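Per our numbering, the very first residue in the sequence shown carries number 931; after that it's consecutive. Cβ coordinates follow ideal geometry from the N, Cα and C atoms, glycine included. Please read these numbers as outputs of a predicted model, since none were measured by experiment.
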Amino acid sequence: MVYDRDSDTLRPVAWEQAFARIGEILRGLQPDEVEFYTSGRASNEAAWLFQLFAREYGTNNFPDCSNMCHESTSVGLPQSIGIGKGTVSLDDFDQTELVISIGHNPGTNHPRMMAPCMSYPAAACRLSFSIRCVNGRWSVLPIRRT
931 MVYDRDSDTL RPVAWEQAFA RIGEILRGLQ PDEVEFYTSG RASNEAAWLF QLFAREYGTN
991 NFPDCSNMCH ESTSVGLPQS IGIGKGTVSL DDFDQTELVI SIGHNPGTNH PRMMAPCMSY
1051 PAAACRLSFS IRCVNGRWSV LPIRRT
């Protein structure tokens, strides 16, 4: 798929065209200007081939989800609250009235947190609660329990 600015949509392209475009972009960049990122759910074989390609290109810049997703946590939390991990557990949601999420959409970015909240039957929660997100892009994610 390639992004088409005129229609603001993704459109399918042939593999040859996709690889030609990737090659064109990579030839215009120095190895230290490129970051190769893949999913933490990729197989070992796929990850090995991907890192081999990146090393052949001349870089070792391939972070994974552990530092891409959690780097801000490991740096920011100790500075702000004195510890580098969360201070609540998923069980705490049963005891809360409101969760405020700033800077991200937990429905798309934090399924580990949202899946249990969405699956709780209303009767299982002692109190009503809602989740409000403050995000740079517009999104609404109200959850109400009664």
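Self-check item: Cys1055 to Ser1019 span [Cα, whole Å]
Solution: Because the pLDDT at Cys1055 is just 49, under 50, the model does not fix this residue reliably, and the value given afterwards should be weighed accordingly. Their Cα atoms are separated by approximately 15 Å.
Quiz item: With distances taken between CB atoms, is the gap from Ile1011 to Thr1003 smaller than 8 Å?
Solution: no
Exercise. Could you tell me the boundaries of the alpha helix (DSSP H) in which Arg935 lies?
Key: Here Arg935 belongs to no alpha helix (DSSP H), and DSSP marks it neither H nor E.
Exercise. Can you give me the start and stop residues for the beta strand (DSSP E) that Leu959 sits inside?
Key: Segment: none, Leu959 is in no beta strand (DSSP E) and carries neither H nor E.
Quiz item: The alpha helix (DSSP H) with Leu1020 in it runs from where to where?
Solution: Unbroken run through Leu1020: none, as it is neither H nor E.
Quiz item: Which first and last residues belong to the beta strand (DSSP E) in which Ile1032 is found?
Solution: Leu1028 to Ile1032
Practice problem: May I have the straight-line CA-CA distance separating Glu1001 from Ala972, to the nearest angstrom? | Solution: 20 Å
Exercise. Could you say if the region 938-945 and the region 966-983 meet the contact criterion of at least three C-beta pairs nearer than 8 Å?
Key: no
Quiz item: Which value, in whole angstroms, describes the spacing of the CA atoms of Lys1015 and Ala950?
Solution: 43 Å
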